[in-house]
Each structure stands twice: as C-alpha cells, then as structure tokens.
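Encoded as structure tokens, the structure appears first; notes follow it.
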Amino acid sequence: MAIEVRDVNKSFGTTPVLHDVSLDVAAGSLTALLGPSGGGKSTLLRVIAGLERPDTGTVRISGVDATRLSPQRRNVGFVFQHYAAFKHLTVFRNVAFGLEIRKRPKAEIRKRVMELLELVHLEKLADRYPSQLSGGQRQRMALARALAVEPQVLLLDEPFGALDAQVRKELRTWLRRLHDEVHVTTVFVTHDQEEAIEVADTIVVLAGGEVVQAGSPGEVYDNPANPFVMRFLGPVTEIGGSLVRPHDIEISPGPVEGGSPAVVSRVVRLGFEVRVEVKVGGHDAWVQVTREQADRLGLGPGDTIHLRPVPGARSLALAL
Amino acid sequence: MAKHALRLVAVAYVLFLLVLPVILIIWRTFGDGLAPFVEALTSPSALHAFKVTLTVAGWAVVANTVFGVVTAILLVRHQFPGKQLLGAFIDLPMAVSPVVVGLALILVYGRFAPFGGLLESWGIQVIFSTPGMVLATVFVALPLVVRAIVPVLEELGDEQEQAAHTLGASRLQTFVRITLPGIRWALGYGIVLCLARSLGEYGAVAVVSGRLVDQTQTLTLFVEERFQNFDQPAAFAAATALALIAVVTLLLTKLLRPKDRIDGN
Amino acid sequence: MTREVTAITVRPARRLAGGTAAGLGVAVIYLSLIVLIPLAAVVWRSADQGPGYFWRSVTTPDAWAALTLTIGASALVALINLVMGTAIAWVLVRDRFPGRRVLDTIIDLPFALPTIVAGLVLLALYGPQSPLGINLAYSRAGVVLALMFVTLPFVVRTVQPVLLELDTEMEQAAASLGAGPFQTFRRVILPNLVPAMLSGTALAFTRAISEFGSTVLISGNLPFKTQVAAVNIFSQIEGDNTTGAAAISTVLLVVALVALVSLDVLQRWGRRRG
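Residue numbers (my numbering), protein chains in the order written: chain U, 478 to 797; chain Y, 896 to 1160; chain F, 1062 to 1335.
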C-alpha cells in the first residue's frame, strides 16, 4: 500500500473533524476523496501531507510510519486549491524550487524542469511570473512543481475548484491522461461526484468526518452503502418507499405488477432527455426517459400512469 | 464655488503650517551659498554628532527589524494565549511621551537603580551613554516595523509557506526563500520609517544622553544646543540636513508603500 | 467503547509549538526590558511615597499649570484637526487640481521631520525674525502652533481611506431622492465619516499631550505660561526630582490610555456600523 491511514482522529478546538478514519490507497492508483464540504476530506488530505497533525492514529507512507514526520521530510507532492504559486519566482523557478532545496546540480535541474514544463504544456511560459498566467496555467504549474521532486504520493486539494467550468472539464481529462503517463499514486479531494467518477479509479466517500464507503466508481454508484451515498453520487427520486435512480424507472400506461399509480404534473423536454414530473402517493417524484419513449407514451399533464423500477435496478428502501 | 473655497483653505493651511516654514529654513541655510552649510556641518562637533546619530540609529534599526519580523510572524502565523495583549503592548510606545520614555529608562537602568547598578558593576554604563540612547530610540520606534509587516503577512497567507514545506524546505529555507521575498517591500517600508524616526528622535534621547557635547550629542541635540548658544547658522544647517533626510524618507516610503506593491513582481 | 477512552487519554495536551515558544520568549523579553518594566517603574515610582505625595507633586503650581495648559491646548488642537483634517482629506479624495499628489505626499512630513526641527522651522517663520511680521514665540499660541504641526497627519490619514471607499452611488441615490448637496453631506456622508474622524482626533490628542521636542524652542518653556507637561517633567528630571516627574508622567500616561481606550471603543462602534 502506498498510503495506510489508521484510526485517525482530529479536532479543531472542540469541533471533531475526523473520527476513526482508516484508509488504504493502493500504489499507482488514482483515488478521489469525495464528500460534501465540511466532511473532513481536505483535513484528511492535509493529515496525509503532514500539514495537520492527527490527535490520534497513524499515517504510513510507502510502509514507513510518517505520523510524526514534518511535511518537509515526507516527500509528498501537494497541490493547493488556490495554487500557492510563489509569486516572486518565475514559472521555471517555481518548478525548480524543490530541486534547488535538494541541491541538485544546475544542469540536472534545468533538464528536469523543462521536461516537466513540456509535460504540462508550459514550456513556452517558463520565464513568466505567476501573475501573468491564467488560473488553469497556474494550476498546471503547481502540478509540475509538485511532480518535480518525484514524490511518493501526489495529493491534490480540490485541484479544479477555483477554475471555471470549461477549463475544469479540460483539466480533468488531462489529469487522467497525466496519471496514465506518470503512474504516481495520486489522491485528490473533490465535492463534485461527476469529477470523481470520471477521473478516479477508486472513490472514498467521506461525510461527517467518517469514511462512509470506498470502492470503484461503478461499485459506489451502483451499490451505494446508504441513502446518503446514493443521493450524493447521482440523481435519485422516491417511489413506493424506495430510492431509485430516475433513469431506472419504467412507465406503463396501465396497471402492472409491483407498480405504483402516479399522475403526471409536468413534462419537461431537455434536449435528448425528457423529465417527467409526477405525483405519486401524495409526494413529488420524477422519471427520466428518452424523447422517443416520451413520444411513444404521449404523456401530458393529468395523465395517470404506473411506475416501477426496471428489472435489475438498484434501489434502497427508505426506513419509515 | 464652495469646492474652490475648500481647496483654497486646505492648501493654505498646509502651505502656512508645513511648507513655508520648511522652505524658509532651507532658504536661510543656503542664502549665502553652499559653503557656510558645508562648513557648519564639518565642524568637529557636527561630525561627532553625525557619528553618534548613525551609531544609535543603526543599532536601533537592526534591533527593531529583528524584533519586528519575529513579532509580526508570531502575531500573524502563530496561536498562543495573550496574543491580543501582545498586540496592544506593541502599540504602547505610540502613547508615551518621549520624555517619559527617558524617565522610565533612567528609573530602571540609571546608576542608582537596582538593575542599572548591577550593570554598572559589570562595567556597562547605560544611561548617559550609547546603550541608553539605543534603548530610548528602540522604544520610540518599536511599533513601526511590526505594523508595516503585519497586514502584508496577513494578505500573503500561509499557503505558499506550506507548499514550500511539502517541497522539502526547512523553516529557515522557507523563511528566506518564500516569506522574506513576500514581505520585502513592506519590510523596506518599515525599516525606512524606523530609520527616520531613529535619526530624528529628540526628547527621549535628550533625557537619557545627559546631552554631553562631543560625547553623547546626536544631530537633533546638536540643533537645539547650537540654537540656544546663538549659533544660528550651525543650527539651521543641521536642521536643514535633517529636513532633507525627512524629505528623502517621505519619497522612499511613497515608493515602498506596501498597498501599492502587493502583487508587484 | 475502549477505543473512545483511549482516544481521549492519548490526545496530547494543547501545547505551544517549539518555534512559537522560542519566538514568543524573545518578543516578550525584548518588550519587557525596553517598554513594560521601565513604564511600570514610572508608575511605581510615582506611588512609592504615598497618594498624598503624588497629589502634591501633580498640584504644585507649575506642574498644575503645565498639565492644564497641555490638556487644554491638546483639546483645542484636536478640535482644529477634526475640522481641518477632514477638510484636507476631502480635498485630497474628491478634488482634482494640479499639485494634489504633492499635497498628498507632504501631509506625512510631520511624521518624518524630527520634532526639534519642526520647532525650529516654525520659529523661523513665526518667531521674532518672522518675515510675515507674526511673532508667536514664547506665547501659548506658539505652543498650539507647534502641536498643530506635529498632529496634522492623524485625522487626514484616518479619514482619507474611508472617504476613498465611500460609495458615490450612495450619494447619487440621496440626490435622486431629492436631497441637496448639504443634506447629502450631513445625512449620508458625515455619518459614515464620523468614526474615522473621531479616531483620528483621539490619536492627534494623544500625540499632542505627550509632545516635547517641537515646543521646546518656540514656547521658551516659561513656567505658568508656556511650559507644557513634557517640558515640566524634563526640568524635574534635570532637578533630580524623579518622583515628581514620575507623578506627572503617570497622569499623562493615564490620560493617553483613556483616550486610546475610547478610540478602541469608537473603532468597534465604527466596525459594527460598517
């Protein structure tokens, strides 16, 4: 295991932030710490980096107990949400920083930095200052800087949180490709389930300072451990006392076995998909269908229909 | 109309209170050419006063700069009980009359005070000597460096420092390579303010120095002593020199003022 | 259950980090040796012969005259600054004319100019050899003039930033609601400036009561007439009456602290409104 976290507890003052958190990160994996804000995911990442010291528990990095090691000695790469660019240094000197601290020969530093700048497509901007870069460029510089010291693990705290939607999407794909090239064990924090599913090969869901579930994106999406995880990872709606994904519901014009009667209140066409809003058993729910299905059923407000989960659909019974 | 009247009042006030008096003294000093000015400032007493002033101000600036940086980092980056109290004590010298500063130091470091007596028995004379003048100057200029750095340190945040740590930099390396460059303009601003205050201090130094001509006489004491002894040319020349230093300081602080430079490279 | 118990017992006590403790130690020792212990010694000395002696030291005719002159002149100067400082700040922020930036720079001159030089330049223009024919030397007016000189920047520099940040849309809104220029100033602008004006005035007052250097030359230090408290303290130190000097010093310290504490209260009030 590249990272082993055992029974970590951490409070800020009297506020508990992490409660008995244990976590294994496999070498070479790309893991997402996913959860709502205030769930403790950034704190966990900072505990791994040594930027916060846990009250109790241990952190091992590559088999070595790092709990008491300062961040300086952990050899982790850390990328901050707001880049933490060294404003007074050029892009080149930013990336070279860790190597200069390690007193590597000048020629070696130059070669390594230029390689990394090419990797992150900043080779032409080596002499610029951070204030002359866009947000996305600064974030890529921060990544190159963290990678320069050949860290055992790469930690990213909400790496795309401060970027606008378009750049965010590009950098996501790019991070995935970069990881396939560099293979460094990577952990990133995000509150965006789409980002986690798209980029990570393992997702760890953290909420209320505890690990709620860990697994591959498919497992976590299809077999959520509880209603919270199910709600957090994708759209859900409620029919017949169960939580179901809206695209896992079958609409029939007449009564069917195991179906619940419902009345259509509104039909919203969103391009390819159609959102059918219904009243079922006295509360609101919705079903996602394709346009073709909607046209075939010819639905309109006031129609009575019958709903049931499609065969094989995952649903979670809600405790009443 | 009201706008012009207000402008006229404001400009006239500053003109008659600040500008004309300073210009008049410079004009009087140079009225007979540069030679009397140079002559007055190169007399042995004047040269000695320059030397004493620079020695005292130099030590005071070094001490307050080190203290200022340590304290500012403490106030902004660290948590400890009594932090607010420390912040309040830093500003205390602003509220103390220079003469009271002198008295306070005499009561602790004077020959007949317990602590001063102890130092005296070790052969260290504080009052009526350079150490006492340095202490007095340090006292009056104490808050300047701290107050210049604190807002910039706050604005800078600690993420860059954390990033340096994760890249393997030690505390000292982080301070030298990251923190110091981040606050350099503010530090320069604080040092200039501190230096100007130290060069120009009069009251506190007048009390603790004993005003011994050619021994503990600083430039400001020289101005007063020459004036009282009816040597107006020398008093005016030294005053003009100090005023010119003040003007240079003013221009330097304008250049260094942190709020203008925060994102500059 | 057992785990919870260990979690509580193993948790380390809140302790200062090594660097914090070392830095704090240095700062506290420095501050104590230079500022706190000496100031405490002043207060201690003022009281060491009992309250009766303290009271007699403060109320000797020359000390009492010096204290009342100092506080009276400082209050007057604070008031002048309140008006003139605000006016200058207003001109610097809202007016446009050639030389405005020079004016803006010059305002800080009293902070940079040694006080003894300030006194000397004032004496040159407003002394016996005045080219204007105005002689304020050895008069109370001269004291007030010196205090005006050294306190000029305080109100200007506290009001200026507030005025800069003041939203002109607010004034436009007031105008659109039918307020005339005077009403807009009184009802919209002034309430926003008052906290800064008062805190600048308090700073100027504190500075004025402790002033020494600038008054030395122009006032002539005539007891009962132009001698300010700081000069009185100075002459008592010269006369080796440190207890009397300490008593007057303590009064000055207390007055300054009262002014600064009320300033702090004012700032909190301003922040709450801001």
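Idealized CB from N, CA, C, for every residue including glycine. If you're wondering where the values come from, they're calculated on a predicted model, not measured in any experiment.
- Judged by their CB atoms, LEU784 (chain U) and GLY736 (chain U) are nearer to each other than the 8 Å cut-off.
- Counting C-beta pairs closer than 8 Å gives three or more between the stretch 718-725 of chain U and the stretch 768-787 of chain U, which meets the contact rule.
- A check of alpha carbon separations from GLY490 (chain U) across Y:LEU949, Y:GLN974, Y:THR924, Y:TRP1017 identifies Y:GLN974 as the nearest.
- Within the stretch 1035-1054 of chain Y, the residues whose Cβ lies closer than 7 Å to some Cβ of chain U are GLU1054, listed in chain order.
- Inter-residue distance for GLY516 (chain U) and VAL681 (chain U) is about 12 Å (C-alpha atoms, whole angstroms).
- Linking GLY540 (chain U) to THR966 (chain Y) through their CA atoms gives a straight-line distance of about 40 Å.
- For GLY692 (chain U), the enclosing beta strand (DSSP E) covers residues 687-692.
- If you keep only unbroken beta strand (DSSP E) runs of at least 3 residues inside the stretch 541-604 of chain U, you get 553-556.
- Closer than 8 Å to the CB of THR1111 (chain Y) there is not a single CB belonging to chain U.
- Annotated three-state conformation of THR663 (chain U) is strand, per DSSP.
- Contact with chain F is absent for PHE925 (chain Y), since none of that chain's Cβ atoms lies less than 8 Å from the residue's Cβ.
- Taking 8 Å as the cut-off, the Cβ atoms of THR1245 (chain F) and GLU1232 (chain F) count as close.
- Beyond the five residues adjoining it in sequence on each side, VAL1033 (chain Y) comes within less than 7 Å, by CB distance, of ALA955, ALA958, ASN959 in the same chain, given in chain order.
- Bounds of the alpha helix (DSSP H) holding ASN959 (chain Y) are 939-972.
- Beta-bridge analysis with DSSP links ILE716 (chain U) to U:SER719.
- Contacts between MET1209 (chain F) and chain Y, judged by CB atoms closer than 7 Å, involve LEU912 in chain order.
- With its beta carbon at least 8 Å from every one in chain U, ILE1019 (chain Y) lies outside the interface.
- The beta carbon of LEU1151 (chain Y) does not come within 8 Å of any beta carbon belonging to chain U, so the residue lies off that interface.
- ASP484 (chain U) is a Cβ neighbour of GLY534 (chain U), given a cutoff of 8 Å.
- Here GLU529 (chain U) is not bridged, per DSSP, to any residue.
- Think of a sphere of 8 Å around the beta carbon of ARG902 (chain Y): the chain F residues whose beta carbon falls inside it are VAL1152, ASP1156, PHE1158, in chain order.
- Beta-bridge analysis with DSSP links THR492 (chain U) to U:PHE489.
- For VAL1108 (chain Y) and VAL1045 (chain Y), the gap between their C-alpha atoms comes out near 40 Å.
- The contact set of GLY1095 (chain Y) on chain F, defined by CB atoms closer than 9 Å, consists of ALA1173, LEU1174, PRO1175, THR1176, ILE1177, VAL1178, GLY1274 in chain order.
- Collapsing the DSSP output to three states places SER499 (chain U) in a strand.
- The alpha-carbon of VAL991 (chain Y) is positioned some 10 Å away from that of VAL1315 (chain F).
- For LEU793 (chain U), the enclosing beta strand (DSSP E) begins and ends at 792-794.
- Contact residues of the stretch 966-979 of chain Y toward chain F are THR966, ILE968, LEU969, HIS973, GLN974, PHE975 (C-beta to C-beta distance below 8 Å).
- By the neighbour-count criterion, in which a residue is buried when 16 or more other Cβ atoms sit within 10 angstroms of its Cβ, THR650 (chain U) is exposed.
- Around the C-beta of GLY718 (chain U), fewer than 16 other C-beta atoms lie within 10 Å, and the residue is accordingly described as exposed.
- An exposed status is given to TRP1116 (chain F), since fewer than 16 other beta-carbon atoms sit within 10 Å of its beta-carbon.
- Annotation: the stretch 1164-1216 of chain F contains the following complete segments of the alpha helix (DSSP H) (minimum length 4 residues), in chain order: 1170-1173, 1176-1187.
- By the C-beta criterion, the stretch 746-762 of chain U is judged not to be in contact with the stretch 902-914 of chain Y, since fewer than 3 inter-stretch pairs fall below 8 Å.
- For the stretch 1059-1074 of chain Y, the set of residues with a beta-carbon nearer than 9 Å to any beta-carbon of chain U comprises ALA1059, HIS1060, THR1061, LEU1062, GLY1063, ALA1064, SER1065, ARG1066, GLN1068, THR1069, ARG1072, ILE1073, in chain order.
- For the 8 Å CB-CB criterion, ILE525 (chain U) and LEU632 (chain U) form a contact.
- HIS724 (chain U): not part of any alpha helix (DSSP H); DSSP gives it neither H nor E.
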